[in-house]
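Asks: This is the structure I have questions about; it appears just below.
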Amino acid sequence: MGYAETLRGDYSRIRPDYTVDQDWAAYTAAEHAIWAQLHRRQRALAGRYGAPAFLQGLERLAIGDRIPDFGQASATLQRLTGWRIVAVPGLIPSDVFFDHLANRRFPVTTWIRGAHELDYVVEPDIFHDFFGHVPLLTDPVFADVMQAYGRKGPQAIASDAVDLLARVYWFLVEFGLIRTADGVRAIGAGLLSSPAELPFSVDALEPNRIGFDVARVMRTDFRIDAFQRTYIVLDDFAQLLQATEQDFAPLYARLKGQPLIPEAALLPGDRVIHRGRVKAAA
Ligand code: HBI
Ligand code: FE
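In terms of our numbering, the sequence shown is residues 583 to 864.
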């Protein structure tokens with residue numbers, strides 16, 4: 583009991599699967615104005631720092647200056663990748679979250695942050711969930727990654743390995759980068775919805791950027807209250823899909839109980855990726 587008591591959304595109307603109605607007509611003009619402000623700023627930054635697949639998703643979903651209607655977005659997603667959006671009041675239990683993803687339903691929070699907290703909110707709101715996460719669900723390969731992640735939930739719960747699995751989500755789905763012909767670009771929703779960390783993740787000299795290795799990711803510590811010290815860089819989405827579809831049981835057995843790699847550490851086997859332009863292979 584008490585799951586919702588410390589959380590910010592309204593959990594009084596949840597169904598057994600923690601979904602609610604979006605009730606789009608109930609958003610006020612002031613709430614749409616906050617969305618518009620966040621959207622304009624973040625779209626401009628995404629044009630420079632976001633991955634091409636993310637930018638294409640913004641266009642395909644016609645994300646604009648009003649709070650999106652989940653029904654309309656779901657119709658577009660259904661057509662492109664078979665996903666749909668379900669409205670939730672905020673954070674939901676892990677097993678329920680995994681089950682939605684496993685069935686190609688992406689939970690999006692209904693409430694929007696206030697004008698006094700435009701730069702950062704602790705819990706995900708509709709701007710983070712929708713602007714940050716939903717565009718990449720229009721990409722067929724990334725859409726399969728998200729379902730594969732959800733399907734891993736029950737085994738991770740049974741093996742007491744949710745923390746290992748959740749680091750894949752953290753380092754890739756929330757804070758991931760990808761190589762492009764123009765240099766590294768952001769794919770993570772935590773980056774794409776953040777005005778400060780998005781440019782930092784791509785341009786700053788301080789953080790490590792290392793090539794993707796799923797065991798390395800599962801063993802790496804992270805912080806939730808400051809910019810990341812290490813970003814993981816994908817070669818492409820197929821690399822992540824292949825990793826996420828493998829059997830994690832041997833990995834869990836090997837990694838459980840091992841100490842975490844400190845968040846800023848570099849290891850001998852790490853593939854360090856320069857933040858600048860990636861040279862095409864000769
Ligand atoms: N609930 N709404 C919401 N959004 C999340 O990203 C989320 C969640 N519940 C659990 C959760 N994430 C993580 O604990 C899992 O990815 C492990
Ligand atoms: Fe998120």
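Beta carbons: idealized from backbone N, C-alpha and C, even for Gly.
1. Kindly provide the ranges of any beta strand (DSSP E) runs that are 3 or more residues long and lie completely inside the region 761-797, ordered along the chain.
2. Any idea what DSSP makes of LEU589, helix, strand or coil?
3. What number of angstroms, rounded off, separates the C-alpha of GLY793 from the C-alpha of ALA635?
4. Just to check my reading of the structure: PRO777 and LEU627 have Cβ atoms closer than 8 Å, yes? What is that Cβ distance to the nearest angstrom?
5. Quick one: what's VAL854 bridged to in DSSP?
6. Who are the near neighbours of LEU718 in its chain, counting only those whose CB is closer than 7 Å to its CB and skipping five residues on each side?
7. My parser needs the alpha helix (DSSP H) runs of 4 or more residues fully inside the region 637-702; what are they?
8. Check the C-beta distance from PHE679 over to ILE667 and give it rounded, since I have them as a contact under 8 Å.
9. Can you give the beta carbon distance from ARG642 to THR720, rounded, assuming they're within the 8 Å contact cut?
10. Give every residue of the same chain whose Cβ lies closer than 6 Å to the Cβ of ILE843, excluding the five residues on either side of it in the sequence, and list them in chain order.
11. Can you check which of these residues, GLU845, ALA740, LEU833, PHE819, is closest to ARG791 by C-alpha distance?
12. Please classify THR658: is it buried, with 16 or more other beta-carbons within 10 angstroms of its beta-carbon, or exposed?
13. The beta strand (DSSP E) with PHE815 in it runs from where to where?
14. Have a look at ILE616 and GLN604 and give me their C-alpha separation to the nearest angstrom.
Replies: Well, looking at it:
1. If we require 3 residues or more, the beta strand (DSSP E) runs fully inside the region 761-797 come out as 765-768, 790-793.
2. If DSSP states are grouped into helix, strand and coil, LEU589 belongs with coil.
3. Approximately 19 Å, taken between the alpha carbons.
4. With a Cβ gap of about 6 Å, PRO777 and LEU627 count as contacting.
5. The bridge partners DSSP lists for VAL854 are ILE792.
6. Counting only residues of its own chain and dropping the five nearest sequence neighbours on each side, LEU718 has a CB closer than 7 Å to the CB of ALA635, PHE636, GLY639, PHE724, ILE769.
7. Whole alpha helix (DSSP H) segments, 4+ residues: 652-663, 676-684.
8. With a Cβ gap of about 14 Å, PHE679 and ILE667 do not count as contacting.
9. With 8 Å as the limit, ARG642 and THR720 qualify as a contact, their Cβ atoms being about 5 Å apart.
10. Non-local C-beta neighbours of ILE843 in its own chain, meaning closer than 6 Å and more than five positions away in sequence, comprise ARG801, THR802, ordered along the chain.
11. Residue GLU845 holds the alpha-carbon nearest to the alpha-carbon of ARG791 among GLU845, ALA740, LEU833, PHE819.
12. Here THR658 is buried. Its C-beta has 16 or more other C-beta atoms within 10 Å.
13. The sequence shown places Val at residue 815, rather than the Phe named in the question. Unbroken beta strand (DSSP E) run through VAL815: 812-816.
14. So the two alpha carbons sit approximately 17 Å from each other.
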